[in-house]
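Novice: For the sequence shown, the numbering used here assigns the number 1 to the initial residue and increments by one for each residue that follows. We put the CB at the ideal spot given by N, CA and C, even for glycine. Please read these numbers as outputs of a predicted model, since none were measured by experiment.
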Amino acid sequence: GTVYKSQGQLTHALKEFKEAVQICPQDASTHKNLAEVYFEQGHYDEAMSEFKRALRISPNLVEIHYFMGKCLEAKGENLQAMGAYEIYLKQASNPQKKEEVEEHIKILKTSTTFSKIKDSNKSTATKTFLQKIKAIFGG
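#1: Taking 7 Å as the threshold (C-beta atoms), are E40 and L10 in contact?
#2: Run the CB neighbour count on S33, radius 10 Å, all protein chains shown included, and call it buried at 16 or more, exposed below.
#3: If I measure Cβ to Cβ from E102 and keep anything under 8 Å in the same chain, skipping five residues before and after, which residues do I get?
#4: Of the residues H31, K106 and Y4, which one's Cα is nearest the Cα of N78?
#5: Roughly how many angstroms separate the alpha carbons of I117 and E36, rounded to a whole number?
#6: Are the beta-carbon atoms belonging to H104 and A84 less than 7 Å from one another?
#7: Taking buried to mean at least 16 other C-beta atoms within 10 Å of its own C-beta, is G69 buried or exposed?
#8: I'd like to know whether the C-beta atoms of E50 and H31 end up nearer to each other than 7 Å.
#9: Below 7 Å CB to CB, which residues in the same chain sit around V3 once its five sequence neighbours on both sides are set aside?
#10: Apart from the five residues on each side of it in sequence, which residues of its chain come closer than 7 Å, Cβ to Cβ, to Q7?
#11: Kindly list the residues whose CB is nearer than 7 Å to the CB of K98, restricted to its own chain and excluding five residues on each side of it in sequence; keep chain order.
#12: Does G1 pass the burial test, meaning 16 or more other C-beta atoms within 10 Å, or should it be called exposed?
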């Protein structure tokens, strides 16, 4: 599966990793590899399930939290993604990767804050519109 994955042949990689999981269901790295293929194919729910299985088998696999963060972010769940990235940062040892993730969290925080402001403005605009409609029609 790893060779197929490295060559971008995700359909073949998926088939191989699924078979490997059947043969070695307690191998966390196999679940992680399967999850990564699901992620690359855009199957985020399946990827999350496999990442969670890998984490249950081997709670010390720090990089799983990083991949879960990526998956949650791809699903648009930015707050949860930041949580996964924060867990990764607490346990990770690679300083370069930690710096990259810290920068990424800053970007997510900024976009999440902007999104909240935008949603708040929409809510205010909607209330104002409804008040004007009520005033016009006597509601």
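Specialist: Walking through what the data contain:
#1: yes
#2: The question names Ser, but residue 33 is Asn in the sequence shown. Buried is the call here.
#3: Excluding sequence neighbours, E102 sits near L89.
#4: K106
#5: Note that I117 scores 47 on pLDDT, short of 50, meaning its location in the model is unreliable; the coordinates nonetheless yield the value given after this. About 33 Å.
#6: Not a contact, by the Cβ cut-off of 7 Å.
#7: Classification for G69: buried.
#8: yes
#9: Same-chain partners within the cutoff: there are none.
#10: none
#11: Listed in chain order, the non-local C-beta contacts of K98 below 7 Å within the same chain comprise L89 and A92, local neighbours out to five positions each way being set aside.
#12: Under this definition G1 is a buried residue.
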